[in-house]
Amino acid sequence: CSLFRGIRELPTKQLTKSPETMSNPGGASISSEQLKSRFIGTGHADMTKYEWATNQHRDTLSSHVGHYDLLSYFAVAQNDSIGRVRSQMLEKIIQPCGPPPQKDQEN
Numbered sequence: 153c154s155l156f157r158g159i160r161e162l163p164t165k166q167l168t169k170s171p172e173t174m175s176n177p178g179g180a181s182i183s184s185e186q187l188k189s190r191f192i193g194t195g196h197a198d199m200t201k202y203e204w205a206t207n208q209h210r211d212t213l214s215s216h217v218g219h220y221d222l223l224s225y226f227a228v229a230q231n232d233s234i235g236r237v238r239s240q241m242l243e244k245i246i247q248p249c250g251p252p253p254q255k256d257q258e259n
């Protein structure tokens, strides 16, 4: 096909990293355990569905509050002031998924 005439072939040797190691911006590799200890939202094996969903909602809401253009978009869509929408989102960050579920009592 004439559309792909200028595209070179990709090298056959693919660079892959093992899932246990990643790299940080400086280029040094970092293990997934170090990453999980540094950032709370990355999760762990014992994380419940509620904790995971709460982290996702908090990250999303904090991103919306931090980006003024997106916040003003929500304010226009809800026909509210930007300050009121910001306040509502900040209040929602406390318990974005409602109260935590009851834990089973095992004695």
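Residue numbers (this note's numbering): 153 to 259.
Where is the CB? At the ideal position from N, CA and C, for every residue including glycine.
No experiment lies behind these values; they were computed from the predicted model shown.
At the level of alpha carbons, what is the spacing between residue i and residue j?
| i | j | result |
| --- | --- | --- |
| His196 | Glu203 | 10 Å |
| Leu155 | Leu223 | A caution first: Leu155 carries a pLDDT of 48, below 50, which makes its placement in the model unreliable, though a value can still be read off. For Leu155 and Leu223, the distance between alpha carbons rounds to 42 Å. |
| Ala227 | Ile234 | 5 Å |
| Tyr225 | Ser214 | 15 Å |
| Asp256 | Gly218 | 37 Å |
| Ile182 | Asp232 | 44 Å |
| Phe220 | Pro251 | According to the sequence shown, residue 220 is Tyr rather than Phe. Cα to Cα, Tyr220 sits roughly 29 Å from Pro251. |
| His209 | Glu185 | 23 Å |
| Asn207 | Ser239 | 19 Å |
Please report the Cβ distance between residue i and residue j, rounded to the nearest whole angstrom; I am assuming they are in contact, meaning their Cβ atoms lie under 8 Å.
| i | j | result |
| --- | --- | --- |
| Met241 | His216 | 6 Å |
| Gln230 | Val237 | 6 Å |
Does chain D have any CB closer than 8 Å to the CB of residue i?
| i | result |
| --- | --- |
| Arg210 | Reference to chain D is not applicable here, since this structure consists of a single protein chain. |
According to the Cβ coordinates, are residue i and residue j closer than 8 Å?
| i | j | result |
| --- | --- | --- |
| Ile205 | Cys249 | According to the sequence provided, residue 205 is Ala. The question's Ile does not apply to it. Result yes, Cβ atoms of Ala205 and Cys249 sit closer than 8 Å. |
Could you give the residue range of the beta strand (DSSP E) that holds residue i?
| i | result |
| --- | --- |
| Ser183 | Ser181 to Ser183 |
Ends of the alpha helix (DSSP H) at residue i?
| i | result |
| --- | --- |
| Met241 | Ile234 to Ile246 |
| Gly218 | Lys201 to Gly218 |
Alpha carbons only, please: which of the options is nearest the one belonging to residue i?
| i | options | result |
| --- | --- | --- |
| Lys244 | Asp232, Asp211 and Pro253 | Asp211 |
| Pro253 | Lys201, Glu185 and Gln186 | Lys201 |
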